[in-house]
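> Just passing along the structure, written as structure tokens.
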């Protein structure tokens, strides 16, 4: 009888709280896939051989953003699985590293002089996109930090 109870306690499934699912999904999309989107779009146009006129022009900052996005996406998958134990803190750290990177990129784009197409008014500057994303990219890290430090999330990662 005791052996059956021990087996049942070992095979008890841990359920992921809804708030944790929301936090991980928001992190994966906002900080994992979104920075990789220009590269993914370029790869898609090359793979389908459509002449969309899209090219990945990111320079070292663009590649750094893609690299951070890949690491954040891997951390999100590990956080979804729940292993290793320290992935909760690693995910919080990756989210805040992405926030610092995005703020630095926003400040750099605001302080750079406008290009010729931006002066003509035919092209929206990259800073406008970052400013529109700023509220979402600020609220998500606050929510992720808050929820991953709550008792249900800490219990999931034990």
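In the working numbering, the protein residues as written are 313 to 470. Think of the CB as a built atom: it goes at the ideal place given N, C-alpha and C, for glycine as much as any other residue.
1. Could you give the C-beta distance for residue 417 and residue 373, rounded to a whole number, given that I count them as a contact under 8 angstroms?
2. Using a Cβ-based criterion (distance less than 7 angstroms to any ligand heavy atom), does residue 460 qualify as near the ligand NAP?
3. Do residue 338 and residue 456 count as a contact pair if the criterion is CB distance below 8 angstroms?
4. Just to confirm, is the Cβ distance from residue 407 to residue 453 under 8 angstroms?
5. Could you pull the start and end residues of the alpha helix (DSSP H) that residue 414 belongs to?
6. When we look at the beta-carbon of residue 467 and count the other beta-carbons within 10 Å, is it buried (16 or more) or exposed?
7. How big is the Cα-Cα spacing for residue 447 and residue 348?
8. Quick one: grab the DSSP three-state call for residue 381.
9. The alpha helix (DSSP H) that contains residue 333, what's its start and end?
10. Report yes if the C-beta distance between residue 465 and residue 332 is below 8 angstroms; otherwise report no.
11. Any idea what DSSP makes of residue 370, helix, strand or coil?
12. Thinking C-beta only, is residue 335 closer than 8 angstroms to residue 459?
13. Inspect the beta-carbon positions of residue 387 and residue 402 and report whether they are closer than 8 angstroms.
14. Would you give the residue range spanned by the alpha helix (DSSP H) that residue 470 belongs to?
15. Taking just the CA atoms, how far does residue 450 sit from residue 394?
16. If we count the other Cβ atoms within 10 Å of its Cβ and call it buried at 16 or more, is residue 325 buried or exposed?
On the basis of the coordinates in this document:
1. 6 angstroms
2. For the ligand NAP, the structure offers nothing, since it holds no ligand at all.
3. yes
4. yes
5. 399-423
6. exposed
7. Within the model, the alpha-carbon separation for residue 447 versus residue 348 is close to 20 angstroms.
8. Of the three classes helix, strand and coil, the one that applies to residue 381 here is helix, per DSSP.
9. 330-339
10. yes
11. coil
12. With respect to the 8 angstroms criterion, residue 459 and residue 335 are classified as neighbours on the basis of their beta carbons.
13. yes
14. First-last for residue 470: undefined, no H or E at that position.
15. 25 angstroms
16. Burial is judged here by how many other beta carbons sit within 10 angstroms of a residue's own beta carbon; residue 325 has fewer than 16 and is exposed.
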